[in-house]
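Residue numbers (the UniProt record's numbering), protein chains in the order written: chain A, 1 to 319; chain H, 1 to 206.
Everything on this sheet refers to the single structure shown next.
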Amino acid sequence: MSDGKRLAVLGAGAVGSSVVDLAVEYGHSVVAFADSSSAVTAADGIDADSALDRKSSDGVVGDDDPDAALSADYDVLVEATPTTLGDAEPGFSHLETALERDRHVVLANKGPVAERYADVRELERESAGEVRFEATVGGAIPIISTVEDLSPSHVTAARGVLNGTANFILSRMAAEGIDYEHVLAEAQDLGVAEADPTFDVEGTDAALKCVILANVLSEGEREFTLSDADVEGITNVPGSALELAAEDGRTIRLVGEATRDGIRVGPRLVPQNAALAVTGTRNIVQLETTHAGQLNLSGRGAGGPETASAVLGDVGRLD
Amino acid sequence: MTSALGSDAESDTESDDAERASRSRGGIDDAGDGDRDPQPHTIRLELADEPGQLLAALEPISENGGNLLSIFHERGNVTPRGRIPVEVDVEATPDRFDAIVAALREEGVNVVQAGAEHYAEEVAVLLVGHLVDTDLSDTLRRIESNPATSIADFSLNAPEGRSDTSSARLRMATRAGETAAALGLVREIADEKELHVVEPLAGGAV
Numbered sequence: 001m002s003d004g005k006r007l008a009v010l011g012a013g014a015v016g017s018s019v020v021d022l023a024v025e026y027g028h029s030v031v032a033f034a035d036s037s038s039a040v041t042a043a044d045g046i047d048a049d050s051a052l053d054r055k056s057s058d059g060v061v062g063d064d065d066p067d068a069a070l071s072a073d074y075d076v077l078v079e080a081t082p083t084t085l086g087d088a089e090p091g092f093s094h095l096e097t098a099l100e101r102d103r104h105v106v107l108a109n110k111g112p113v114a115e116r117y118a119d120v121r122e123l124e125r126e127s128a129g130e131v132r133f134e135a136t137v138g139g140a141i142p143i144i145s146t147v148e149d150l151s152p153s154h155v156t157a158a159r160g161v162l163n164g165t166a167n168f169i170l171s172r173m174a175a176e177g178i179d180y181e182h183v184l185a186e187a188q189d190l191g192v193a194e195a196d197p198t199f200d201v202e203g204t205d206a207a208l209k210c211v212i213l214a215n216v217l218s219e220g221e222r223e224f225t226l227s228d229a230d231v232e233g234i235t236n237v238p239g240s241a242l243e244l245a246a247e248d249g250r251t252i253r254l255v256g257e258a259t260r261d262g263i264r265v266g267p268r269l270v271p272q273n274a275a276l277a278v279t280g281t282r283n284i285v286q287l288e289t290t291h292a293g294q295l296n297l298s299g300r301g302a303g304g305p306e307t308a309s310a311v312l313g314d315v316g317r318l319d
Numbered sequence: 001m002t003s004a005l006g007s008d009a010e011s012d013t014e015s016d017d018a019e020r021a022s023r024s025r026g027g028i029d030d031a032g033d034g035d036r037d038p039q040p041h042t043i044r045l046e047l048a049d050e051p052g053q054l055l056a057a058l059e060p061i062s063e064n065g066g067n068l069l070s071i072f073h074e075r076g077n078v079t080p081r082g083r084i085p086v087e088v089d090v091e092a093t094p095d096r097f098d099a100i101v102a103a104l105r106e107e108g109v110n111v112v113q114a115g116a117e118h119y120a121e122e123v124a125v126l127l128v129g130h131l132v133d134t135d136l137s138d139t140l141r142r143i144e145s146n147p148a149t150s151i152a153d154f155s156l157n158a159p160e161g162r163s164d165t166s167s168a169r170l171r172m173a174t175r176a177g178e179t180a181a182a183l184g185l186v187r188e189i190a191d192e193k194e195l196h197v198v199e200p201l202a203g204g205a206v
């Protein structure tokens with residue numbers, strides 16, 4: 001385990017807030033914390049509880065300008081602002097600023113590694129800092145680091161169920177025999193689905209994770225972005241299809257596949273007792289390897305503390 | 001010659017000789033290793049609607065050592081060319097099966113489909129959409145137009161009535177190595193008819 005690091009955390013959503021909350025437990029200090037409109041900085045570590053309290057009561061984390069966090073004296077920038085597509089801003093610029101200062105970057109934001117992987121790697125090469133992004137794929141599940149341990153050249157494919165919202169909806173539809181709209185409303189009530197569930201149910205979120213995996217597997221030989229992915233969501237899956245699948249001992253899961261040749265995300269038929277047929281919000285990733293057979297990694301694919309544990313795991317892997 | 005299952009390295013030469021001997025004399029015994037065992041095969045024929053045609057078609061099968069398992073003579077289902085489809089299930093070793101097909105063709109019998117591993121693979125897919133409105137029988141006919149594919153089972157689930165979105169499960173039997181092509185054709189037809197296909201994962205990955 002490395003020495004304690006000084007963290008600057010950008011983003012005060014579920015993941016950023018959990019990182020701030022848990023950092024000390026992992027032996028690190030948070031010297032800066034910012035959301036989109038405010039920041040709090042302290043060279044000897046901010047008071048996490050008061051910043052989080054302020055965020056929930058006043059909607060700000062402190063009195064400083066958000067830029068103060070970027071320019072603070074930190075070892076690791078934790079980028080946990082919302083994922084954006086295309087130019088991946090402002091996450092990409094945050095990463096760029098940190099690398100130019102020779103600082104490490106740990107991403108929870110998928111945008112930079114899904115949409116601008118080559119640019120990220122280029123900036124990393126010119127910097128003394130390192131970029132890690134375990135938290136971008138599969139929440140708490142150690143997928144990227146497992147691929148790294150196996151060496152990407154020994155992993156031929158990665159496939160899995162990578163969106164808890166879509167999986168919750170499909171497994172509820174199958175179990176209860178109720179329609180998509182009803183289950184979606186239930187998922188929204190439970191906080192499993194967002195008010196605008198498009199990103200999850202249309203397969204975009206799962207596709208971004210597969211794009212990241214494809215980028216890792218291809219080791220710079222080829223760069224993938226969301227536009228390279230063949231994506232279909234679950235909105236066209238009626239209850240009648242799940243019934244037919246069940247008659248045959250099968251079910252339907254939104255499965256993403258990533259190889260060096262491409263990315264495909266869509267509803268697929270899988271045996272009901274298959275490893276891939278996880279239920280509820282659970283995620284799973286299957287790695288096909290050349291020497292180690294098939295590896296199945298499953299667990300919680302989302303959530304503040306879960307994803308923060310992946311972020312802090314990355315921080316621990318830094319020199 | 002005895003029938004030995006398995007293939008020990010030391011017995012390979014002997015077994016190869018035995019197979020050659022078996023082939024050269026038309027074969028009476030099983031040749032030996034696993035993939036030389038008799039397997040069921042399906043042959044689809046089209047016969048002219050004339051007396052004696054069926055018998056003429058069956059003779060080459062028994063003459064070449066095939067074990068006739070069943071005959072499905074679809075008299076009521078005449079092809080567009082006015083012929084009668086016949087499906088024959090035969091048990092034979094791959095070698096003998098090839099000889100049977102060759103003999104049938106020599107006799108002028110129209111062999112529509114035949115293959116050692118005919119329909120060796122099975123794949124199930126779901127189709128979702130306006131299945132009935134987009135001419136379901138045309139969809140099925142076109143899927144079966146691929147000679148390597150046969151529809152083994154079909155179920156339709158249309159809870160909202162025939163004109164609304166419905167789902168169908170299609171189990172296709174395909175020739176070995178032809179599953180990807182069969183799925184490709186299903187995708188193509190589905191795209192054209194704006195149907196959604198829910199496919200299994202390739203390579204039996206679960």
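We treat Cβ as the ideally placed atom computed from N, Cα and C, and that holds for glycine.
Members of the region 209–235 of chain A near chain H, C-beta cut-off 9 Å: Within the region 209–235 of chain A, contact with chain H at the beta-carbon level (separation under 9 Å) is assigned to 232.
So, are the CB atoms of residue 7 of chain A and residue 74 of chain A less than 8 Å apart? Translated into the one-based positions of the first sequence, residue 7 of chain A becomes position 7. Translated into the one-based positions of the first sequence, residue 74 of chain A becomes position 74. Yes, Cβ-Cβ distance for residue 7 of chain A and residue 74 of chain A is below 8 Å.
Looking at the C-beta of residue 243 of chain A, does it have a partner C-beta in chain H at a distance below 8 Å? Here residue 243 of chain A refers to the residue found at position 243 when the first sequence is read from its first residue. Closer than 8 Å: yes.
Give me the chain A residues within the contact set of residue 165 of chain H, using Cβ-Cβ distance strictly less than 7 Å, ordered along the chain. The sequence position of residue 165 of chain H within the second sequence is 165, counting from 1. Ordered by position in chain A, the residues that pass the 7 Å Cβ test against residue 165 of chain H are 238.
Pull out every residue of the region 248–281 of chain A whose Cβ sits closer than 9 Å to any Cβ of chain H, in chain order. Of all residues in the region 248–281 of chain A, 248, 250, 252, 255, 257, 266, 267, 268, 269, 270, 271, 273, 274, 275, 276, 277 have a Cβ within less than 9 Å of some Cβ in chain H.
Taking a contact to mean a Cβ-Cβ separation below 8 Å, would you say residue 32 of chain A touches residue 80 of chain A in this structure? Here residue 32 of chain A refers to the residue found at position 32 of the first sequence. Here residue 80 of chain A refers to the residue found at position 80 of the first sequence. Cβ distance not < 8 Å, so residue 32 of chain A and residue 80 of chain A don't count as in contact.
Using a Cβ-Cβ cutoff of less than 6 Å, which residues in the same chain neighbour residue 202 of chain A once the five nearest sequence positions on both sides are dropped? Here the question's residue 202 of chain A lines up with position 202 in the first sequence. Same-chain partners within the cutoff: 233.
Using a Cβ-Cβ distance cut-off of 8 Å, determine whether residue 141 of chain H contacts chain A. As a working mapping, residue 141 of chain H is identified with position 141 in the second sequence. So no, residue 141 of chain H is outside the interface.
Three-state class that DSSP yields for residue 129 of chain H in the structure shown: Locating residue 129 of chain H in the second sequence gives position 129, where the first residue counts as 1. Under the three-state reduction of DSSP, residue 129 of chain H is assigned to strand.
Could you tell me how far apart the beta carbons of residue 241 of chain A and residue 126 of chain H are, in whole angstroms, since I believe they sit closer than 8 Å? Looking up residue 241 of chain A in the first sequence gives position 241. Looking up residue 126 of chain H in the second sequence gives position 126. Separation of the CB atoms of residue 241 of chain A and residue 126 of chain H is rounded to 5 Å, and the pair is thereby assigned contact status at 8 Å.
Which runs of the alpha helix (DSSP H) fall wholly inside the region 58–142 of chain A and span at least 4 residues, in chain order? DSSP assignment within the region 58–142 of chain A yields the following whole alpha helix (DSSP H) runs of 4 residues or more, N-terminal first: 67–70, 91–100, 111–115, 117–125.
Under 7 Å Cβ-Cβ, which residues of chain A neighbour residue 196 of chain H? Taking the first residue of the second sequence as position 1, residue 196 of chain H is located at position 196. Against residue 196 of chain H, the close residues of chain A are 236, in the order they occur along the chain (beta-carbon pairs closer than 7 Å).
Contacts of residue 157 of chain H in chain A (Cβ-Cβ under 7 Å): Taking the first residue of the second sequence as position 1, residue 157 of chain H is located at position 157. Residues of chain A passing the Cβ test: 240, 243, 244.
Proximity test, Cβ basis, 8 Å: residue 183 of chain H and chain A: Within the second sequence, residue 183 of chain H is the residue found at index 183, counting from 1. No, residue 183 of chain H lies away from the interface with chain A (no Cβ there is under 8 Å from its Cβ).
Rounded straight-line distance, which links the Cα of residue 148 of chain H to that of residue 154 of chain H: Here residue 154 of chain H is taken as the residue at index 154 of the second sequence, counted from 1. Here residue 148 of chain H is taken as the residue at index 148 of the second sequence, counted from 1. Looking at the two C-alpha atoms, the distance is approximately 17 Å.
Give the DSSP-derived three-state secondary structure of residue 55 of chain H in the structure shown. By 1-based counting over the second sequence, the position of residue 55 of chain H is 55. DSSP places residue 55 of chain H in the helix class (H, G or I) of the three-state scheme.
Spell out the partners DSSP gives residue 91 of chain H in its beta bridges. On the second sequence, position 91 is the one that residue 91 of chain H refers to. Answer is H:40, H:67.
In the DSSP assignment, the beta strand (DSSP E) including residue 256 of chain A goes from what residue to what residue? If you number the first sequence from 1, residue 256 of chain A lands on position 256. Residues 250–259.
Test: residue 176 of chain H CB closer than 8 Å to a CB of chain A: For the purposes of this step, residue 176 of chain H is taken as the residue at position 176 of the second sequence. Using beta-carbon distances, residue 176 of chain H does not count as an interface residue toward chain A, since no partner is under 8 Å.
When DSSP labels each residue in this structure, what does residue 83 of chain H get in the three-state scheme? To locate residue 83 of chain H, count along the second sequence from 1; it is residue 83. Reduced to three states, the DSSP call for residue 83 of chain H is coil.
Let me know the beta strand (DSSP E) ranges lying completely inside the region 204–255 of chain A, each 3 residues or longer, listed in chain order. Entirely contained in the region 204–255 of chain A, the beta strand (DSSP E) runs reaching 3 residues are, in chain order, 229–231.
Rounded to a whole number of angstroms, what is the C-alpha to C-alpha distance between residue 149 of chain A and residue 292 of chain A? The residue you call residue 149 of chain A lines up with position 149 of the first sequence. The residue you call residue 292 of chain A lines up with position 292 of the first sequence. Going from the Cα of residue 149 of chain A to the Cα of residue 292 of chain A covers about 12 Å.
Skipping 5 residues on each side, what residues in its chain have a beta carbon closer than 8 Å to that of residue 160 of chain H? Looking up residue 160 of chain H in the second sequence gives position 160. Apart from the 5 residues on each side of it in sequence, residue 160 of chain H sits with its Cβ closer than 8 Å to the Cβ of 166 in its chain, given in chain order.
DSSP state of residue 272 of chain A, grouped into three classes? Against the first sequence, residue 272 of chain A aligns to sequence position 272. In the three-state DSSP reduction, residue 272 of chain A falls in the coil class, being neither helix nor strand.
Check for me: the alpha helix (DSSP H) holding residue 159 of chain H runs from which residue to which? For the purposes of this step, residue 159 of chain H is taken as residue 159 along the second sequence, with counting starting at 1. In the DSSP annotation of this structure, residue 159 of chain H is not part of any alpha helix (DSSP H), being labelled neither H nor E.
Quick one: give me the first and last residue of the alpha helix (DSSP H) that residue 291 of chain A is part of. Counted from its first residue, the first sequence places residue 291 of chain A at position 291. Residue 291 of chain A -> no alpha helix (DSSP H), and no H or E assigned at all.
Whole-angstrom distance between residue 144 of chain A and residue 216 of chain A, CA atom to CA atom: Taking the first residue of the first sequence as position 1, residue 216 of chain A is located at position 216. Taking the first residue of the first sequence as position 1, residue 144 of chain A is located at position 144. So the alpha carbons of these two residues sit roughly 8 Å apart.
Could you have a look at residue 166 of chain H and say whether DSSP puts it in helix, strand or coil? Stepping through the second sequence from its first residue, residue 166 of chain H is reached at position 166. In this structure, DSSP gives residue 166 of chain H an extended state, which the three-state scheme calls strand.
Can we say the region 82–90 of chain H touches the region 59–74 of chain H, given the rule of at least three CB pairs closer than 8 Å? The answer is yes - the region 59–74 of chain H touches the region 82–90 of chain H, with three or more Cβ pairs under 8 Å.
Could you check whether the Cβ of residue 201 of chain H sits closer than 8 Å to any Cβ belonging to chain A? Looking up residue 201 of chain H in the second sequence gives position 201. True, the Cβ-Cβ gap to chain A drops below 8 Å.
Spatial neighbours of residue 88 of chain A within its chain, please: CB distance less than 7 Å, with the 5 preceding and 5 following residues excluded, ordered by chain position. As a first step, residue 88 of chain A is located in the first sequence; it is residue number 88 there, counting from the start. Taken in chain order, the residues that qualify are 111, 112, 115, 116.
Using Cβ-Cβ distances below 9 Å, what residues of the region 123–136 of chain H are close to chain A? So the list reads 124, 125, 126, 127, 128, 129, given in the order they occur along the chain.
Other residues of its chain near residue 99 of chain H: CB distance less than 6 Å, five sequence neighbours each side excluded: As a first step, residue 99 of chain H is located in the second sequence; it is residue number 99 there, counting from the start. Once the five neighbours on either side are set aside, the close Cβ partners of residue 99 of chain H are 64.
Tell whether a beta-carbon distance below 8 Å holds between residue 145 of chain H and residue 173 of chain H. The sequence position of residue 145 of chain H within the second sequence is 145, counting from 1. The sequence position of residue 173 of chain H within the second sequence is 173, counting from 1. Going by C-beta atoms, residue 145 of chain H is not nearer than 8 Å to residue 173 of chain H.
Just the C-alpha distance for residue 78 of chain A and residue 99 of chain A, rounded to the nearest angstrom, thanks. Position 78 of the first sequence holds residue 78 of chain A. Position 99 of the first sequence holds residue 99 of chain A. Each residue's Cα considered, the two are about 12 Å apart.
Does DSSP put residue 153 of chain A in a helix, a strand or coil? Counted from its first residue, the first sequence places residue 153 of chain A at position 153. Residue 153 of chain A carries a helical assignment under DSSP once its states are collapsed to helix, strand and coil.
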